[in-house]
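Colleague:
Residue numbers (the working numbering): 34 to 212.
(1) Excluding the five sequence neighbours on either side, which residues of its own chain have a C-beta within less than 7 Å of the C-beta of residue 87, listed in chain order?
(2) Using 8 Å for Cβ pairs, my map puts residue 73 next to residue 124. What's the rounded Cβ distance?
(3) Got a sec, what are the start and stop residues for the beta strand (DSSP E) residue 103 sits in?
(4) Just to confirm before moving on: does the CB-CB distance between residue 68 and residue 159 stay below 9 Å?
(5) Look up residue 211 in the DSSP assignment and say whether it is helix, strand or coil.
(6) Specify whether the segment 139-156 and the segment 109-128 touch according to this definition: at least 3 beta carbon pairs, one from each stretch, less than 8 Å apart.
(7) Near residue 43, what residues of its chain come up, given a Cβ to Cβ distance below 6 Å and the 5 sequence neighbours on each side ignored?
(8) Please look up how many angstroms separate the CB atoms of residue 39 and residue 83, rounded, as I've assumed it's under 8 Å.
(9) Excluding the five sequence neighbours on either side, which residues of its own chain have a C-beta within less than 8 Å of the C-beta of residue 58, listed in chain order?
(10) Whole angstroms is fine: what's the gap from residue 195's alpha carbon to residue 189's?
(11) Shortest alpha-carbon distance to residue 157 belongs to which of 85, 184, 100, 131?
(12) In chain order, what residues of the same chain lie with their CB nearer than 7 Å to the CB of residue 56, ignoring the 5 residues before and after it?
(13) Take the Cβ of residue 106 as the centre, count every other Cβ of all protein chains shown within 10 Å, and call the residue buried at 16 or more, exposed below.
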């Protein structure tokens, strides 16, 4: 019985025994050097959020949809993130303290918005991706779209009505470069 991606990740996080948890997709789309850069930043913030530094590897349609989504999420939640659905590293204690309802791809935005609005620090880290060798993204379907809309409404209620809102931003030092 498939419980979907968000449920699987959330369940795994609850079982974590180490200080940090990470989600990494199984499509092999991220270059190895990007993982090294992410790991080098562990401990510098509560959350490490990757963003795609080379979006041109995607079709113009996928780039446009991603940019619209990022712009909408930033506008609705008062954020200035470069990406919401990338690879991330969280302190385990943080993810264990957050209630997640989303079971599909909306999991990423539900967790991230709640954590940032609760005042945890974050650092955005550039990553470089490559084209998929096989298969297609499963993010674009009606069930995911409906769940994202429901999740956005839930988050707006929590952040606008209940006022979860403190954000701490850290910046990646300019001397950190991809090699």
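Glycine included, every Cβ here is placed at the ideal spot set by N, Cα and C.
Since the structure is predicted, the reported quantities are computational estimates derived from the model, not experimental observations.
Modeller: The structure says:
(1) By one-based count along the chain shown, residue 87 stands at place 54. Contacts found: 161, 162.
(2) For this step, residue 73 is matched to residue 40 along the chain shown. For this step, residue 124 is matched to residue 91 along the chain shown. Not really, about 17 Å apart at Cβ, beyond 8 Å.
(3) Stepping through the chain shown from its first residue, residue 103 is reached at position 70. Here residue 103 belongs to no beta strand (DSSP E); instead the alpha helix (DSSP H) covers 93-110.
(4) On the chain shown, position 35 is the one that residue 68 refers to. On the chain shown, position 126 is the one that residue 159 refers to. Not in contact: residue 68 and residue 159 (Cβ atoms no closer than 9 Å).
(5) Translated into the one-based positions of the chain shown, residue 211 becomes position 178. Residue placement at residue 211 is poorly supported in this model, since its pLDDT is 49, which falls under 50; the coordinates are not used for a value here.
(6) yes
(7) On the chain shown, residue 43 is found 10 positions in, with the first residue counted as 1. Only 133 meet the Cβ criterion.
(8) Stepping through the chain shown from its first residue, residue 39 is reached at position 6. Stepping through the chain shown from its first residue, residue 83 is reached at position 50. In fact, because the Cβ distance is near 18 Å, the residues do not count as touching under 8 Å.
(9) Taking the first residue of the chain shown as 1, we reach residue 58 at position 25. Correct list, in chain order: 120.
(10) As a working note, residue 195 is residue 162 in the chain shown. As a working note, residue 189 is residue 156 in the chain shown. Distance between the alpha carbons of residue 195 and residue 189: 9 Å.
(11) Mapped onto the chain shown, residue 157 falls at position 124. Residue 157 has its Cα closest to that of 85, out of 85, 184, 100, 131.
(12) Here the question's residue 56 lines up with position 23 in the chain shown. Excluding residues within five positions, the ones whose Cβ falls inside 7 Å are 42, 120, 121.
(13) The sequence position of residue 106 within the chain shown is 73, counting from 1. Classification for residue 106: buried.
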